[in-house]
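Protein sequences appear in the order of chains X and R. Under my numbering, the residue at position 76 of the first sequence is numbered 74, and the numbers go up by one with no gaps. Numbering-wise, my numbering comes out as the position in the second sequence, counting from 1, plus 123. The structure appears right after this line, and notes come after that.
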Amino acid sequence: MDARLTVTWKIGGEAGYGIISSGTMLARTCARLGYHIFVTNEYPSLIRGGHNIVTVKVSSAKFHALDEDLHILVALNKETLDLHKDELLPGAVVVFDPKDSDGLELTSRDIALCPVPLFEITKSHSGEPVMRNTVALGATVAFLGLSFDVLSGVIKDQFEHKGEEVIAHNQEIARAGYDYVVMTYPSVAFAKLSSVSKTEDKLIINGSEVFGVAAVRAGLKFAAIYPMTPINALISFLADHAKSLGIVYKQPEDEIAGINMALGASLAGVRSMVATSGGGFALMTEGISLAGMLELPVVVDLGMRVGPATGMPTWTEQGELQFAIHSGHGEFAKIVLAPGNAEQIYSTVIEAFHLADAFQVPVIVLTDKYMNESQWCVPKSAFAGDVVIDRGKMVRAEDLGKEVFKRYDLSVSDGVSPRSVPGMKGGQYFANSYEHDEFGYVTEESAVREKMAQKRLLKLGSIQKIVRPPEVYGDPKAEIALTCFGSTVGAVLDALEEAKYVINGKSAKLLHFTWMSPFPSDAVTHLLTGIKTIVDIEQNGTSQLASLIREYTGIQCTHKVQRFSGRPFTPKFVLEALKKNLQ
Amino acid sequence: MDEPKKIVSTEEFKTHIMPTWCPGCGDFGIWMSLKSALSGLSIGSDDALLIYGIGCHGNMYSWMKTYGFEGLHGRTLPVAQGVKLSNHELPVIAIAGDGDCLGEGGNHLIHAAKRNPDITLIIHDNQVYGLTTGQASPTAKAGFKTKSTPEGVTDEPINPLTLAITAGATFVARGFAGDIPGLTKLIEEAIQHKGFSLLDVLQPCVSFDKVHTYQWYRQRIYTFEKEGYVPNNKFEAYKRALEWEEKIPVGVFYKEERMTSEQRESALASGPLVKSSVGVKDIESLLREFM
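Shown next, in the form of structure tokens:
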């Protein structure tokens, strides 16, 4: 059998079995060898028990999303076998412990059952039962036909902080799994990967970690984040690096405190942020309104998950687009962005901090469970280059003291007045949540109110001048247009590439939106005018982007593809839905 | 050698706006004491940030010229902590009402006390919501008739002092708005304390409370400092804080030195965040963690 271009591997078991770290270590091994990888996890909202799976797709070529094919399944319990047997491709490899094979009814299927005595091997090398995943990892590397030495190096780095003994023990156990497969299944070649030459260094990093790296590069100094799925990896990143990077991460008592702390830090003169999911963001909305009134920059990572209410906390959705755009009482300018993959998270977050300062507004970055907790394969070069930090209109000490400082100076043409920082001599002002005059003093006078409200809303026009139009993939003159935003782009792109940008005989292009509000109205009108078939694809049940397009351009999407099961789109799902819709 | 002490006149805090509080309001006494205390500590209008809640007390910012933050109802302390962690050299004083920081913002008070940021909280405690024309506040005593409790308050009142002692505040005091010299001294002490200082100030609401008048308070208030009370024992402080009706003590109930939130942040050891360098110096080693 020829070696494969792409292999998808899945490991399943109860939480607490080290399943996530197995996925990470396999991904790092493959990344070090030069493959392209995507890792995603699925788990219920529990600490221990429950069914947990990690899926790793490895390919010699660049791709954008997981698909539904499965080449290797590692089952650390019987439930994994029962739940995932239907995903197996004909000939797929199933690794399991014979102890878990009771009642196994897979013999009728065309698959390669490869029992590996995970418990026994672990035990014979003085390991705890929880180290079965390490045996499975070694076995996997053998089935993929990869070098054990690279895995060994990854194990070394993974356990570096635990000392030589732990490293050697894990290497020994992984080696035992590797050797067992090499000796026992020399002819099982179904999942052997074609070799690849490494061209550059790559990172295996989840979306929240990319957010963190981008934020600190953009000069983030203060973050107040209450724990909530799916932004917990960002908390770990910031807390673990607070000392070395000279930043403060504070765990607030609730999300209301979080946003108010971040606004305090912003007022004091540092770049600050919060992160949360829909429920926490609901609590923050009063603070978003306050940021609008005080004209304070702040960045919000809104990690969407399945709602309403507590919903399905560990599953993905794109349900908060309209909520984010309309968050906060009263009328004021804010910016809503929606990156679609790891590289875009990096550039968007840096941009978000810049925009927040430039326009003195809250900037909401929409992420989601799928992009935050999945591990992406990102070339190191994506993080290269200097990040220029421009704090926008900050008043200089030498310009103060001549006359009374007007923090909310109405004479500015773009709506953005220079700001001082408490403690600056001669910069005294009131940051006032009541309507105020140029100095911050309370006012209810109609003329001042109108002027001040106009000044704040003037920013919408200033921002409109720099809004980013959607990215177009495919022939701009194509007959069919697809629209999507945020992380949905991966599955849609892979579907289009597989279909060679032709659906049911008609050429198709994709408009991927990353700048959601203020809406890029003119560009979208231009891109969609005259197109008879427009298919909107969203991970929600109300097609919120389609509503925005209609609201700002008058153009109606003719077809809507939705998914709100909590499971991310796959290329297969998208392609089938497109073909069915466009019959 | 110490720098010569800057002279700050209370005139420095004057704005063009005249107070809008009802004549005789306890807020006047607190305002005057605060100005005297800041002047006594040489804290001028550019040197500190005063953070107000929403309520009658919060209107003070209009006639109190300093860097000011008038935020949302109940949220003074989270803002104050964000500021303090970003610039711990800046004196930060939160000025809140009893409804503001014991009702809407009760959770923030408990957690601020627990963390011990170097912030002073002055509570305007008059048992009513004056700005909304006289409903019962969380400190309203049982039986007190207000617009929202025509038959009299039935709930137990929140005692800001026992709450603060229990939550871990490192400076817990009570003052009286009718005693400006005494209150000035207490505010000075509270600001000078390194850690979270809570100063509950009893004040009459002359418009919506005909019971707890200046006279009512004067007949009951006493200073335990003269008796040789030493504020270093939580249980003694707790007992004193429960005294009410016949005799009402004012002064410092409890005080201790403990690490502040800011002292526990390693990033702040070399100076305030706002003055520190930004960005990532060693991006290589940061990225290596993910390879």
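Backbone N, C-alpha and C fix where the C-beta goes; we use that ideal spot for every residue, glycine too.
Residue nearest to R:Arg238 within the set R:Leu410, R:Leu396 and R:Glu388 is R:Glu388 (criterion: CA-CA distance). Looking at the DSSP output, X:Asp80 sits in no beta bridge, so it has no partner there. For X:Val211, there is no enclosing beta strand (DSSP E); the enclosing alpha helix (DSSP H) covers residues Gly205 to Arg215. Between X:Pro467 and X:Ala521, the gap from beta carbon to beta carbon is short of 8 angstroms.
Annotated three-state conformation of X:Phe36 is strand, per DSSP. In the three-state DSSP reduction, X:Met302 falls in the strand class (E or B). Residue range Gln373 to Pro377 is occupied by the beta strand (DSSP E) that includes X:Cys375, with no alpha helix (DSSP H) assigned at that position.
Excluding sequence positions up to five before and after X:Arg269, its CB lies within less than 6 angstroms of the CB of Gly217, Leu218, Lys219 and Phe351, all in the same chain and listed in chain order. At least 8 angstroms separates the beta-carbon of X:Leu261 from that of R:Val397. Looking at the DSSP output, X:Val402 sits in no beta bridge, so it has no partner there. Non-local C-beta neighbours of R:Tyr377 in its own chain, meaning closer than 7 angstroms and more than five positions away in sequence, comprise Ile288, Val295, Pro354, Lys357 and Ala360, ordered along the chain.
R:Met141 sits exposed, since fewer than 16 C-beta atoms from the chains shown fall within 10 Å of its C-beta. The beta-carbon of R:His180 is placed no less than 8 angstroms from the nearest beta-carbon of chain X. Listed in chain order, the beta strand (DSSP E) elements of length 3 or more contained wholly in the segment 138 to 165 of chain R amount to none. Scanning chain R for C-beta atoms nearer than 8 angstroms to the C-beta of X:Ser150 yields nothing, as the closest lies near 15 angstroms away.
Each of R:Gly298, R:Thr243 and R:Gly229 was checked against the Cα of R:Pro327, and the nearest Cα belongs to R:Gly298. By the rule that beta-carbons nearer than 8 angstroms mark a contact, R:Tyr252 does not touch chain X. Neighbours of X:Asp199 across chain R, judged by C-beta separation under 7 angstroms: Met414. Taking the CA atoms as reference points, X:Thr512 sits about 55 angstroms from R:Gly163. Within the model, the alpha-carbon separation for X:Lys453 versus X:Val297 is close to 21 angstroms. Taking all protein chains shown into account, X:Leu455 has fewer than 16 neighbouring C-beta atoms within 10 Å of its C-beta and is therefore exposed.
In this structure R:Ile371 is in contact with R:Ile344, their Cβ atoms being roughly 5 angstroms apart against a cut-off of 8 angstroms. Proximity of chain R to X:Gln426 at the Cβ level (cut-off 7 angstroms) is accounted for by Ser168, Asp169, Lys188, Thr189 and Tyr190, in chain order.
If you ignore the 5 residues before and after R:Glu385, its C-beta comes within less than 7 angstroms of the C-beta of Lys207, Leu208, His211, Pro240, Asp241 and Leu391, all in its own chain and listed in chain order. Close CB contacts of X:Gly32 within its chain, under the 7 angstroms cut and outside five residues either way in sequence, are with Val194, Ser195, Lys196 and Thr197 (chain order). Put simply, the CB of R:Arg297 is far from chain X, with every gap to its CB atoms at 8 angstroms or more.
Ranking X:Val487, X:Gly459, X:Gln373 and X:Val414 by CA distance to the CA of X:Val54 puts X:Gln373 first. Residues Thr568 and Lys570 of the same chain have their beta carbon placed closer than 6 angstroms to that of X:Glu66, with the five preceding and five following residues left out of the count. Of the other Cβ atoms in all chains shown, 16 or more fall within 10 Å of the Cβ of R:Pro261; this residue is therefore buried. DSSP places X:Met259 inside the alpha helix (DSSP H), whose first and last residues are Glu253 to Ala266.
Within the segment 261 to 294 of chain X, Leu261, Gly262, Ala263, Ser264, Leu265, Ala266, Gly267, Val268, Arg269, Ser270, Glu284, Gly285, Ser287, Leu288 and Leu292 place their CB atoms closer than 9 angstroms to a CB of chain R, listed in sequence order. By DSSP's assignment, R:Trp186 forms no beta bridge with any residue. Excluding five sequence positions before and after X:Val465, the CB atoms of its chain that fall closer than 6 angstroms to its own CB belong to Trp513, Pro516 and Pro518, given in chain order.
Looking at the DSSP output, X:Glu12 shares a beta bridge with X:His49.
Runs of alpha helix (DSSP H) with 4 or more residues, each lying fully within the segment 428 to 477 of chain X, are found at 444 to 462, listed in chain order. Contact between X:Leu68 and X:Leu86 holds: CB atoms are separated by about 5 angstroms, below the 8 angstroms threshold.
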